[in-house]
Amino acid sequence: MQVYEGLAGIPVVKSSISYVDGENGILEYRGIPIQELVENSNFLELSYLLIFGKIPDENELLKFELDIKENLKYFERILDIVKSLPENLHPMKILQSLVPVFAFDDIDTDIMKEENKYRQTVRIMALVPVVIAFSKRLKEGKEIVFPDKNFYYTENFLYMLNGKSVEKIYWQTLDKTLILHAEHTINASTFTAMVVVSTLADLYACVSSAIGSLSGRLHGGANEEVYKMLSSLPNDEKIIREYIENKLKNKDKIMGFGHRIYKTYDPRAKIMKYLLENLQKEKPTPLLKKAEIFEKIALEYLEEKKIYTNIDFYSGVLYSQMGIPSDFFTTIFAMARVPGWIAHCIEYVRNNKLFRPTQVYDGGHNIHYKDIKSL
Ligand SMILES: CC(=O)SCCNC(=O)CCNC(=O)[C@H](O)C(C)(C)COP(=O)(O)OP(=O)(O)OC[C@H]1O[C@@H](n2cnc3c(N)ncnc32)[C@H](O)[C@@H]1OP(=O)(O)O
Ligand SMILES: O=C([O-])CC(=O)C(=O)O
Numbered sequence: 028m029q030v031y032e033g034l035a036g037i038p039v040v041k042s043s044i045s046y047v048d049g050e051n052g053i054l055e056y057r058g059i060p061i062q063e064l065v066e067n068s069n070f071l072e073l074s075y076l077l078i079f080g081k082i083p084d085e086n087e088l089l090k091f092e093l094d095i096k097e098n099l100k101y102f103e104r105i106l107d108i109v110k111s112l113p114e115n116l117h118p119m120k121i122l123q124s125l126v127p128v129f130a131f132d133d134i135d136t137d138i139m140k141e142e143n144k145y146r147q148t149v150r151i152m153a154l155v156p157v158v159i160a161f162s163k164r165l166k167e168g169k170e171i172v173f174p175d176k177n178f179y180y181t182e183n184f185l186y187m188l189n190g191k192s193v194e195k196i197y198w199q200t201l202d203k204t205l206i207l208h209a210e211h212t213i214n215a216s217t218f219t220a221m222v223v224v225s226t227l228a229d230l231y232a233c234v235s236s237a238i239g240s241l242s243g244r245l246h247g248g249a250n251e252e253v254y255k256m257l258s259s260l261p262n263d264e265k266i267i268r269e270y271i272e273n274k275l276k277n278k279d280k281i282m283g284f285g286h287r288i289y290k291t292y293d294p295r296a297k298i299m300k301y302l303l304e305n306l307q308k309e310k311p312t313p314l315l316k317k318a319e320i321f322e323k324i325a326l327e328y329l330e331e332k333k334i335y336t337n338i339d340f341y342s343g344v345l346y347s348q349m350g351i352p353s354d355f356f357t358t359i360f361a362m363a364r365v366p367g368w369i370a371h372c373i374e375y376v377r378n379n380k381l382f383r384p385t386q387v388y389d390g391g392h393n394i395h396y397k398d399i400k401s402l
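Per this note's numbering, residue 28 is the first one in the sequence shown, and the count goes up by one each step.
Below is the structure:
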């Protein structure tokens, strides 16, 4: 019997949420090209589109935003729990631990009820940014800044994170990066969420599990690794080339390159770089120059194997430009992917079938038990 390693190329679901053409570098959410969405939409509208399958009208969008804001009232409970966690816990672990707690006094979390899906959705969307911001402020020993309902979603997040309101270009750029990260068909973390929902667990359990899956360095965790790698290297072409050659000689993966689906340049990496260059006009950083040198050399070796730059390569450089510490990069990816995870869970559970693949057993049989004392 054949084994499909990593389920590569195996369709497990029919979905109308997003479409990727990996040969031609095309990505669409609900049929709309990613470039158009980044240019014209915003993260909340986009989240609605992913989850409910249509662009909201003004009233629908307003209600969605207000329902999210309403859930900010739980911030004090979040703060107490974040404070009780070990100080040096990685921010992804804090986030993963906190999401199931968002259920608070939700007695009925039955995922088959429409009202529960909605309540869980708006609560998770409201509280994920709060956990990230509070964790960062506590880690830095800085005063906690409470959410302000007068701000738009991403603006409020950067306000809580930085302790002061930020210029429009920063929160708008962040908002666009959230759109870029929001959804990507059946990637590892989305599949994780779908496996969990297929047991009819609630969205808190699904999103928490997905965060664990995203944290790995082959997936969302790559953005932090890219930053560490670039920071550890000098701005010297010869040394960067040696580093890349050594990695390839040792059969190590170069972080921020390669993708299961894209066999061409990730269209999101192009937009991410464009956003970064745009931000550079305000505040230049030598890290971008180094990243460009690194990318050029890495592609000299990788391109012939159809391995290209992925979304995680430039995202960390951009987030560091916004003053976000590298151990928080993947939490921002998680915050962005929440609507994608939820959209897939809601879509899947509609025609639910428990995920339960099989295996090819290659162990022994009739091996008799030996008491430990007889060994
Ligand atoms: C949001 C995201 O999750 S995007 C991905 C983020 N992850 C990273 O950037 C980590 C680095 N990249 C990788 O590890 C891989 O490209 C993955 C895991 C993303 C996808 O990989 P897969 O589709 O499973 O391919 P696999 O790992 O089997 O690699 C196939 C071949 O390409 C090589 N390869 C793939 N990616 C890389 C890389 N980044 N650096 C060097 N070689 C690579 C492998 O060594 C392998 O070579 P071989 O056939 O000679 O043994
Ligand atoms: O699709 C994948 O395999 C990885 C992913 O989540 C992305 O690229 O956004």
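Glycine residues also receive a C-beta, built at the ideal position from the N, C-alpha and C atoms.
Since the model is a prediction, treat every value here as computed from it, not as a measurement.
Sheet register partners of D48 (DSSP bridge): Here residue 48 is taken as the residue at index 21 of the sequence shown, counted from 1. Beta-bridge pairing links D48 to I53.
K169 versus F161 - alpha carbon distance: Working through the sequence shown from its first residue, we reach residue 169 at position 142. Working through the sequence shown from its first residue, we reach residue 161 at position 134. Answer to the nearest angstrom: the Cα atoms are 9 Å apart.
Local conformation of I351 per DSSP, three classes: Taking the sequence shown and counting its residues from 1, one reaches residue 351 at position 324. Reduced to three states, the DSSP call for I351 is coil.
Distance cut-off 7 Å: F284 Cβ against heavy atoms of ligand 1: By one-based count along the sequence shown, residue 284 stands at place 257. Yes; taking the cut-off as 7 Å, the Cβ of F284 has a heavy atom of ligand 1 nearer than that.
Whole-angstrom C-beta distance between I334 and I267, which should lie under 8 Å: Translated into the one-based positions of the sequence shown, residue 267 becomes position 240. Translated into the one-based positions of the sequence shown, residue 334 becomes position 307. At roughly 17 Å, the Cβ-Cβ gap does not stay under 8 Å, so I267 and I334 are not in contact.
Proximity test, H211 beta-carbon vs ligand 2 heavy atom, cut-off 7 Å: Position 184 of the sequence shown holds residue 211. Yes, Cβ of H211 sits closer than 7 Å to a heavy atom of ligand 2.
Rounded C-alpha distance that separates I82 from G52: Translated into the one-based positions of the sequence shown, residue 82 becomes position 55. Translated into the one-based positions of the sequence shown, residue 52 becomes position 25. In a straight line, the C-alpha of I82 is about 24 Å away from that of G52.
CA nearest to the CA of L326, picked from L306, Y301, M282: For the purposes of this step, residue 326 is identified with residue 299 of the sequence shown, where counting begins at 1. The shortest Cα separation from L326 among L306, Y301, M282 belongs to M282.
Residue interval of the alpha helix (DSSP H) (run including I108): Mapped onto the sequence shown, residue 108 falls at position 81. Residues 102-111.
CB contact flag (I298, V47, <8 Å): Walking along the sequence shown from the start, residue 298 turns up at place 271. Walking along the sequence shown from the start, residue 47 turns up at place 20. No; because the gap between Cβ atoms is not below 8 Å, this pair is not in contact.
Integer-rounded CB distance, given that L185 should sit under 8 Å from L201: If you number the sequence shown from 1, residue 201 lands on position 174. If you number the sequence shown from 1, residue 185 lands on position 158. Indeed, because the Cβ distance is near 6 Å, the residues count as touching under 8 Å.
Residues of its chain near K317, where Cβ-Cβ distance is below 6 Å and the 5 sequence neighbours each way are ignored: By one-based count along the sequence shown, residue 317 stands at place 290. Once the five neighbours on either side are set aside, the close Cβ partners of K317 are L257, N262.
Backbone secondary structure at I151 - three-state DSSP: Here the question's residue 151 lines up with position 124 in the sequence shown. Of the three classes helix, strand and coil, the one that applies to I151 here is helix, per DSSP.
Which listed residue (L106, R287, L165, Y145) has its alpha carbon closest to that of E114: Locating residue 114 in the sequence shown gives position 87, where the first residue counts as 1. Ranking the options by Cα distance to E114, first place goes to L165.
C-beta atoms of S236 and K380 nearer than 8 Å: The sequence position of residue 236 within the sequence shown is 209, counting from 1. The sequence position of residue 380 within the sequence shown is 353, counting from 1. No, these two residues do not count as a Cβ contact at 8 Å.
Cβ-Cβ separation, W368 to T217 (assumed contact under 8 Å), whole Å: If you number the sequence shown from 1, residue 217 lands on position 190. If you number the sequence shown from 1, residue 368 lands on position 341. Yes, T217 and W368 are in contact; Cβ-Cβ is about 6 Å, under 8 Å.
Residue interval of the alpha helix (DSSP H) (run including S236): For this step, residue 236 is matched to residue 209 along the sequence shown. Element bounds for S236: 230-241.
Segment contact, 8 Å Cβ cut-off, at least three pairs: the stretch 149-160 with the stretch 355-365: yes
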